[in-house]
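What follows is one structure encoded as structure tokens, with my remarks underneath.
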Amino acid sequence: MDALQTAEPTTLAQQLSTYLADLWNAPVAIEELARIPGGASRQTYRFDAVSGGVRRGLILRRDPVDSLIDTDRRIEYLAYQSFHPLGVPTPEPLVLDEDGGALERPFFMMSRVDGGKAASPFTVSPYAPNEAEIGRQFFTILGQIAAADPLTLPIAAAAEAPALDRAWARELEHWERELDKDELHPNPIGRAAIRRLRRHPPPPAQKLSVVHGDYRSGNFLHDGEGRILAILDWEMAHLGDPLEDLAWAIDPLWSHFDDTRVSGLVPRAEAIALWEAASGLVADPAALAWWELFNSFKGLVIWISAAKSFRDGGGVDPVLGFTGLYCTRRHDQILAQRLEALLESAP
Amino acid sequence: MTPTASELLIGNFMTLIEPPPPESAGEFMAGKIAVTGMISLLLAQEMEKGVSVRAAENRALRALFVEAAEGGWAPALTDGLKSLARGEDQDLTLSALDRANAALRTALIALQTAVEEASGAAGPSAAGRAREKRIARLLRESADARRLDLPPLPAR
């Protein structure tokens, strides 16, 4: 056998050990390395880094070869840097490497939050019996994020700040471009939504906020006893209208098949009241309705993009296949119902 | 429609046949296997109703085009609607029905856009509003028919 045949490939654990040893200037052993589900636009791993007798639980978020959505890892990292010091429950960000050579692709690492679980959005009653308490925290935290001044936060270094009267247009144009790029089968419902949203724009944003971009059931850890431990998956964070996040959080897709509670947590009116109290903002019904329609469209485009990524990637990521099939059809239905109701209620 | 049932079933096979690297063999692989199971549940419904749902949607679109072609649109749109309205699904494979559906949906987008643009500053005419509502109802009914359902999965 020659050297090429006998050489062991460098494992991810070895790569991590080498990288952290350079970073910390000390030998580092990697233990308990395991890939875990965690967002669809990054590969997520948990591991222990042991150095000098100290064990640290860490999370690695690495760019994938294929992704459900193309997102900016720097903005995601800066979002954690922005809100961790403010007391919003998030993991502590540790290091960002945009070159990524050490681990083959760009990545960042953050502290691990142990003892929590994230609900699948497609299960029934995942928060019972603590729905009300988790709901109170969930919408209060979202209000706190909305209330923060984004221009004073680290995320402002990388995220573009739209004018208040352009926040909606920028988002709509972005997701329309994504649809143009990834639509494999004509989608008249999505196209009708674009035209409707453009013909009936919302009022200007009442303030500029950090928008998490995917704030919903399933993207936070809770301890099973009524306490939220960490808000995760900031990969679509941007600056914009704070109503965008509220409308996404109450989209019917995330209701856990419970029509009486948004995000499977609390009634809609209570969620909005909690958000208003924590943010000091007002959820104008007409503006919120625009963002609800927009978010159902945005969701539809995300799933259409997932379907394209599934095909382009050779079909080996079943999450992309599942969302491309099931979620596309659910958001098609949600969006079609909304559009029909708007026409039926028109004078 | 994408992803197709064939693509998804082949994807399930690829997911299960390829050994994962050691760090992906535990919780992550268990999660992937669970998702392949959910895909199988959805495809069982798609296999049962996929042909009838697609054939019905195509028929509904052609019926709409028969009436809408007389709306006084630009010649290209009118000719396109008339041509498509005369069509018929003879090949009842999912892929053939999807190809026909893609052409019909493209024309529907053009028609719906034209209907909306025909509304002047005073809003749509009664006939225009009725046509808008008919299209919206057709889209909602099609989306309802294509919906796939998950069983009530318990949280873990």
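Those protein sequence lines, which keep their order, are chains G and P.
The numbering used here puts the first residue of the first sequence at 97, with every later residue one more than the last.
The numbering used here puts the first residue of the second sequence at 1054, with every later residue one more than the last.
Where a beta carbon is used, it is the ideal one built from N, C-alpha and C, also for glycine.
Can you give me the start and stop residues for the beta strand (DSSP E) that residue i sits inside?
i, result
"residue 140 of chain G", "139 to 147"
"residue 334 of chain G", "334 to 336"
From this set, the options, which residue's C-alpha is nearest residue i's C-alpha?
i, options, result
"residue 225 of chain G", "G/284, G/323, G/247 and G/177", "G/323"
"residue 382 of chain G", "G/243, G/111, G/299 and G/288", "G/299"
"residue 441 of chain G", "P/1123, P/1103 and P/1185", "P/1185"
"residue 313 of chain G", "G/178, G/288 and G/227", "G/227"
"residue 1163 of chain P", "G/256, G/177, G/238 and G/287", "G/287"
"residue 1114 of chain P", "P/1097, P/1127 and P/1138", "P/1138"
"residue 425 of chain G", "G/437, G/403 and G/414", "G/403"
"residue 234 of chain G", "G/290, G/328 and G/336", "G/328"
"residue 1104 of chain P", "P/1064, P/1152, P/1168 and P/1132", "P/1152"
"residue 217 of chain G", "G/143, G/294, G/348 and G/120", "G/348"
"residue 318 of chain G", "G/215, G/393 and G/339", "G/215"
"residue 137 of chain G", "G/127, G/115 and G/332", "G/332"
"residue 363 of chain G", "G/279, G/345 and G/374", "G/345"
"residue 205 of chain G", "G/350, G/158, G/219 and G/385", "G/158"
"residue 170 of chain G", "G/297, G/124, G/279 and G/330", "G/330"
"residue 1093 of chain P", "P/1125, P/1119 and P/1059", "P/1059"
"residue 378 of chain G", "G/393, G/264, G/416 and G/339", "G/339"
"residue 367 of chain G", "G/290, G/156, G/248 and G/231", "G/231"
Could you give the DSSP three-state label for residue i: helix, strand or coil?
i, result
"residue 231 of chain G", "helix"
"residue 218 of chain G", "coil"
"residue 237 of chain G", "helix"
"residue 101 of chain G", "Because the pLDDT of residue 101 of chain G is 41, which lies under 50, any placement of that residue in the model is unreliable, and the question is left without a value."
"residue 418 of chain G", "helix"
"residue 163 of chain G", "Below a pLDDT of 50, predicted positions are generally treated as unreliable, and residue 163 of chain G, at 49, falls in that range; the measurement from the model is reported next regardless. Residue state, collapsed to three classes: coil."
"residue 427 of chain G", "helix"
"residue 1168 of chain P", "helix"
"residue 244 of chain G", "coil"
"residue 204 of chain G", "strand"
"residue 280 of chain G", "coil"
"residue 130 of chain G", "strand"
"residue 327 of chain G", "strand"
"residue 263 of chain G", "helix"
"residue 1176 of chain P", "strand"
"residue 1151 of chain P", "helix"
"residue 1204 of chain P", "coil"
"residue 170 of chain G", "helix"
"residue 346 of chain G", "coil"
"residue 156 of chain G", "strand"
"residue 378 of chain G", "coil"
"residue 1106 of chain P", "helix"
"residue 358 of chain G", "strand"
"residue 197 of chain G", "helix"
"residue 1143 of chain P", "coil"
Which residues in chain P have a C-beta closer than 9 Å to the C-beta of residue i? List them in chain order.
i, result
"residue 214 of chain G", "Those do not exist, as residue 214 of chain G stays about 10 Å from chain P at its closest Cβ, beyond 9 Å."
"residue 288 of chain G", "1162, 1165, 1166, 1169, 1188, 1189 and 1192"
"residue 433 of chain G", "1193, 1196 and 1197"
What are the boundary residues of the alpha helix (DSSP H) that residue i is part of?
i, result
"residue 316 of chain G", "Run containing residue 316 of chain G: none in the alpha helix (DSSP H); it sits in the beta strand (DSSP E), 316 to 318."
"residue 116 of chain G", "108 to 120"
"residue 1128 of chain P", "1128 to 1138"
"residue 189 of chain G", "Where residue 189 of chain G is concerned, there is no enclosing alpha helix (DSSP H), although the beta strand (DSSP E) it sits in stretches over 189 to 193."
"residue 1061 of chain P", "1058 to 1070"
Can you pull the chain G residues whose beta carbon is under 8 Å from the beta carbon of residue i, in chain order?
i, result
"residue 1104 of chain P", "None at all; the shortest Cβ gap to chain G is about 16 Å."
"residue 1185 of chain P", "439"
"residue 1158 of chain P", "281, 282, 283 and 284"
"residue 1203 of chain P", "218 and 422"
For residue i, which beta-bridge partners are listed by DSSP?
i, result
"residue 150 of chain G", "G/147"
"residue 305 of chain G", "G/336"
"residue 125 of chain G", "G/146"
"residue 213 of chain G", "G/318"
In chain P, which residues lie less than 8 Å from residue i when you measure between Cβ atoms?
i, result
"residue 407 of chain G", "1055, 1056 and 1060"
"residue 426 of chain G", "1200"
Give the residues of chain G in contact with residue i, contact being defined as C-beta atoms less than 7 Å apart.
i, result
"residue 1080 of chain P", "130 and 132"
"residue 1197 of chain P", "429"
"residue 1144 of chain P", "Going along chain G, no residue has its Cβ under 7 Å from residue 1144 of chain P, so there is no contact; the nearest lies around 17 Å."
"residue 1155 of chain P", "281 and 282"
"residue 1137 of chain P", "Result: empty, since nearest Cβ-Cβ is about 13 Å, beyond 7 Å."
Please list the partners that residue i has in chain P, where partner means a Cβ-to-Cβ separation under 7 Å.
i, result
"residue 403 of chain G", "1055 and 1056"
"residue 219 of chain G", "1206, 1207 and 1208"
"residue 414 of chain G", "1064, 1065, 1068, 1085, 1088, 1089 and 1092"
"residue 436 of chain G", "1189, 1190 and 1193"
"residue 418 of chain G", "1088, 1091 and 1092"
"residue 222 of chain G", "1208"
"residue 260 of chain G", "Per Cβ cutoff of 7 Å: no residues; residue 260 of chain G is ~28 Å from chain P at best."
In chain G, which residues lie with their C-beta within 9 Å of the C-beta of residue i?
i, result
"residue 1097 of chain P", "Within 9 Å Cβ-Cβ: nothing; residue 1097 of chain P doesn't reach chain G, min ~12 Å."
"residue 1076 of chain P", "107, 108, 109, 129, 130, 131, 141 and 143"
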